[in-house]
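Input: a single structure, listed below in structure tokens.
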Amino acid sequence: MEIRNQLVDRLMKAGAFWSYDRASVRHSITDRQLIEETLIRLDIDDIDLLFELFPMRKIKKVWLETMVIQGDYYYSLNRFFAWYYFSIRHPDRYLKSMQTRHLSKFTA
């Protein structure tokens, strides 16, 4: 719980959840929200803490479902995550295939 609180504190300092009451954020933030916001807003040291708190499978699932599908918006960040955290050999190919898979769900 200490790591979780530390990440929430750092997210609030970084400007995440600025319009919400601090106490309510601390008690109501979901794992999914914590993972997504940490990946987007915090530094490598904080993201490393995220991997101590959650299994890689869960973090990768959130990353795929929330960030990868946004295409070019997080392109550089997604390439880095694919290579550094998820050991994907060909990040560009992988990201393109995941985006295509997501889009094909809507056209099928």
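Heads up: the sequence shown begins at 108 in my numbering, then just goes up one per residue.
Even glycine gets a Cβ: it sits at the ideal position worked out from N, Cα and C.
Assuming residue i and residue j form a contact by the criterion Cβ under 8 angstroms, report the distance between their Cβ atoms to the nearest whole angstrom.
i    : j    : result
R117 : L141 : Not really, about 11 angstroms apart at Cβ, beyond 8 angstroms.
V169 : E144 : Their Cβ separation, rounded to whole angstroms, is 10 angstroms, which puts V169 and E144 out of contact at 8 angstroms.
I176 : H134 : About 29 angstroms; that fails the 8 angstroms criterion.
Would you say residue i and residue j are within 7 angstroms of each other, going by their C-beta atoms?
i    : j    : result
M174 : Y182 : no
F193 : K165 : no
M205 : L184 : no
Ordered along the chain, which non-local residues of its own chain (more than five positions away) have a Cβ less than 7 angstroms from that of residue i?
i    : result
Y201 : A189 and I195
F124 : L118 and V132
R129 : M119
For the alpha helix (DSSP H) that contains residue i, what are its first and last residues?
i    : result
V132 : R129 to S135
Q140 : D138 to R148
M119 : E109 to K120
Give me, in chain order, the residues of the same chain whose beta-carbon lies closer than 6 angstroms to that of residue i; leave out the 5 immediate sequence neighbours on both sides.
i    : result
R186 : P198
Enumerate in chain order the residues of its own chain whose CB-to-CB distance from residue i is below 8 angstroms, with the five nearest sequence positions on each side excluded.
i    : result
L114 : L141, T145, L149, D153, L156, L157 and L160
Exercise. Can you give, in chain order, each stretch of the alpha helix (DSSP H) that sits fully within the segment 142-213 and has at least 4 residues?
Worked result: 151-160, 163-169 and 182-191
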